[in-house]
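Novice: When we follow our numbering, the leftmost residue of the sequence shown carries the number -2, and every step to the right adds one.
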Amino acid sequence: MKGKTVILLLTIWLGLIFSVSAQAGFEVLGKGPRPAAMGGAFTALANDPNAMWFNPAGLAQLQQRQAVVMYARLLPGLNFDKLHNFLIGYVQPVGALGNLGVGWCGLQADVYSENMFSVTYARSWKDRLLLGITGKWLQWSAEPATDPETGKTDQDFSKSSIGLDVGAIFEIGKFFDYATLRVGVAAQNLNEPNISKSGAEAGKMPRTLKAGLLVDTETYLVEADVLHEGDQTKVLMGFELKVASYYDFRFRGGTTQLTGDYEGGEFSGGFGFTVKGIAIDYAFLYSTQIKRVGGSHKFSLGYKF
């Protein structure tokens, strides 16, 4: 029974890659606990290493070298095949030239894996405008599969491709003297990289367009994003509340909702705090589309130096 279930899982994953749409491929990569807890509404905020995977322009805001590592246990109800998600990121300021970032994130299962390696460059332009660009190498691999029609087994069941992301953030100004308004825009998979092993047109990852509005104060921030990917449109909303100055403790929450012909979404929450320069973040995500498999847990450690 276990073997049949594992084969079923592999079929589902590969179906997402080879079938009508490739938009599910690599979708969970690069989502750290902080933006995940805020429902993914991070396009205009993007002020930590997670910017590499949400809006590369945000990386220009970092004033120090920063490193982050994350581990996530996805859908724990799938006891037969543990799904793990991870990321590693590093940001290096290079003076007046801007900031550079490198990252590696991946998804691991018993029979399938995804990896994404990223290089990001960002800089400020005339004080209130931030610009950024990310080049990324995408790769997936699976256990050898046998074609049911020909009976042939493909020992090299993998594919790699190159993608491009761009983004911008603009500070509008003060609102009622206590809040700052910012807007962010980003385009991911701008070149629509093809992740189909056969190179079929359906294997192209759809271009993702995002726009966000951020209200930022000393004690809280709220962001709302709209994301369009392929034939899907998502509304993302999130907040971060500073509940204690001690250890800079912050509470977060958010939601992702699909619109149009799609139903469901995701609810999330989490917290973060800093101890002796080490940032600790946690997020819990629960999908209303994938039921009876539990929610996902994400943990990360970050350090400024």
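Note that beta-carbon positions come from the ideal geometry of N, C-alpha and C, so glycine has one too.
#1: Below 8 Å on the Cβ atoms is my guess for M234 versus G36; work out the distance and round it to an integer in Å.
#2: Looking at the C-beta of F270, does it have a partner C-beta in chain C at a distance below 9 Å?
#3: Under a Cβ-count criterion, where at least 16 other Cβ atoms within 10 Å of its own Cβ denotes burial, should G170 be classed as buried or exposed?
#4: Along the chain, where does the alpha helix (DSSP H) containing A33 start, and where does it finish?
#5: Below 8 Å, how does it come out for the segment 36 to 55 and the segment 125 to 144: are there three or more Cβ pairs, yes or no?
#6: Bridge partners of K239, per DSSP?
#7: Name the DSSP bridge partner or partners of A167?
#8: Quick one: any contact between the segment 240 to 249 and the segment 220 to 231, if contact means 3 or more CB pairs under 8 Å?
#9: Considering only the alpha carbon of each residue, which of G181, G132, A43, R179 lies closest to I162?
#10: For F172, I'd like the list of residues in its chain whose CB is within less than 8 Å of its CB, leaving aside the five on either flank, ordered along the chain.
#11: Once the 5 residues before and after H294 are set aside, which same chain residues still bring their CB inside 7 Å of it?
#12: Determine the burial state of P141: buried for a count of at least 16 other Cβ atoms within 10 Å of its Cβ, exposed for fewer.
#13: For the alpha helix (DSSP H) containing M202, list its first residue and its last residue.
#14: Check the DSSP bridge columns for I85 and list the partner residues they point to.
#15: According to DSSP, I275 sits in a beta bridge with which residue or residues?
#16: For the beta strand (DSSP E) containing A48, name the first residue and the last one.
#17: Compare the C-alpha of S284 against each of F270, N186, L255, F246 and name the closest.
#18: Starting from the C-beta of H81, find all residues in its chain whose C-beta is less than 8 Å away, skip the five residues before and the five after it, and write them out in chain order.
#19: Ends of the beta strand (DSSP E) at E226?
#20: If you reduce the DSSP assignment to three classes, tell me which class Q60 lands in.
#21: Under 6 Å Cβ to Cβ from F296, same chain only, skipping five residues before and after it: list those, please.
#22: Does DSSP put A280 in a helix, in a strand, or in coil?
#23: Verify whether the separation of the beta carbon atoms of G250 and G267 is less than 9 Å.
#24: So what does E263 bridge to, in DSSP terms?
#25: Taking the alpha-carbon positions, what's the F39 to N191 distance?
#26: Name, in chain order, the residues that DSSP records as bridge partners for S293.
#27: Would you report the Cα separation of N188 and G100, rounded to the nearest angstrom?
Specialist: In short, the structure shows the following:
#1: Working through the sequence shown from its first residue, we reach residue 234 at position 237. Working through the sequence shown from its first residue, we reach residue 36 at position 39. Confirmed, Cβ separation roughly 6 Å.
#2: The structure shown contains no chain C; it holds only a single protein chain.
#3: Numbered from 1 along the sequence shown, position 173 holds the residue referred to as residue 170. A residue is called buried when at least 16 other Cβ atoms come within 10 angstroms of its Cβ; G170 does not meet this threshold and is exposed.
#4: Position 36 of the sequence shown, counted from the start, is the residue given in the question as residue 33. It spans 30 to 34 - the alpha helix (DSSP H) in which A33 sits, taken as one unbroken run.
#5: In short, these stretches touch, since the Cβ pair count reaches three.
#6: For the purposes of this step, residue 239 is taken as residue 242 along the sequence shown, with counting starting at 1. Answer is R247, bridged to K239.
#7: Locating residue 167 in the sequence shown gives position 170, where the first residue counts as 1. Note on residue identity: the sequence assigns Phe, not Ala, to residue 167. DSSP lists L126, V180 as partners of F167.
#8: When Cβ pairs closer than 8 Å are counted between the two stretches, the segment 240 to 249 is seen not to touch the segment 220 to 231, the count staying below three.
#9: Numbered from 1 along the sequence shown, position 165 holds the residue referred to as residue 162. The sequence as given places Asp at residue 162; Ile does not occur at that position. Nearest option by C-alpha distance: G132.
#10: Along the sequence shown, one-based indexing puts residue 172 at 175. Excluding sequence neighbours, F172 sits near L178, V212.
#11: What you label residue 294 is simply residue 297 of the sequence shown in a count that begins at 1. So the list reads A69, R70, F281, once near-sequence residues are dropped.
#12: As a working mapping, residue 141 is identified with position 144 in the sequence shown. Classified as exposed, P141 has fewer than 16 neighbouring CB atoms from the shown chains inside 10 Å of its CB.
#13: Looking up residue 202 in the sequence shown gives position 205. Here M202 belongs to no alpha helix (DSSP H), and DSSP marks it neither H nor E.
#14: Numbered from its first residue, the sequence shown carries residue 85 at position 88. Bridge partners of I85: V66, W101.
#15: The residue given as residue 275 occupies position 278 in the sequence shown. The beta-bridge partner set that DSSP reports for I275 consists of V272, Y300.
#16: Taking the sequence shown and counting its residues from 1, one reaches residue 48 at position 51. Where A48 is concerned, there is no enclosing beta strand (DSSP E), although the alpha helix (DSSP H) it sits in stretches over 48 to 51.
#17: Sequence index remark: in the sequence shown, residue 284 carries index 287 (1-based). Ranking the options by Cα distance to S284, first place goes to L255.
#18: As a first step, residue 81 must be located in the sequence shown, where it is residue number 84. Answer for H81: Y68, A69, R70, L71, L104, Q105, A106, listed in chain order.
#19: Sequence index remark: in the sequence shown, residue 226 carries index 229 (1-based). For E226, the uninterrupted beta strand (DSSP E) segment begins and ends at 217 to 226.
#20: Here residue 60 refers to the residue found at position 63 when the sequence shown is read from its first residue. The answer is coil: DSSP assigns Q60 none of H, G, I, E or B.
#21: Counting from 1 along the sequence shown, the entry for residue 296 is found at position 299. Counting only Cβ-Cβ distances below 6 Å, and skipping sequence neighbours, we find Y68, Y279.
#22: On the sequence shown, position 283 is the one that residue 280 refers to. Strand.
#23: Taking the sequence shown and counting its residues from 1, one reaches residue 250 at position 253. Taking the sequence shown and counting its residues from 1, one reaches residue 267 at position 270. Yes.
#24: For the purposes of this step, residue 263 is taken as the residue at position 266 of the sequence shown. For E263, DSSP records a beta bridge to T253, S284.
#25: One-based indexing of the sequence shown puts residue 39 at position 42. One-based indexing of the sequence shown puts residue 191 at position 194. In this model, F39 and N191 are separated by some 26 Å (Cα to Cα).
#26: In the sequence shown, the residue the question calls residue 293 occupies position 296. DSSP lists L282 as partners of S293.
#27: Against the sequence shown, residue 188 aligns to sequence position 191. Against the sequence shown, residue 100 aligns to sequence position 103. Rounded to the nearest angstrom, the two C-alpha atoms are 20 Å apart.
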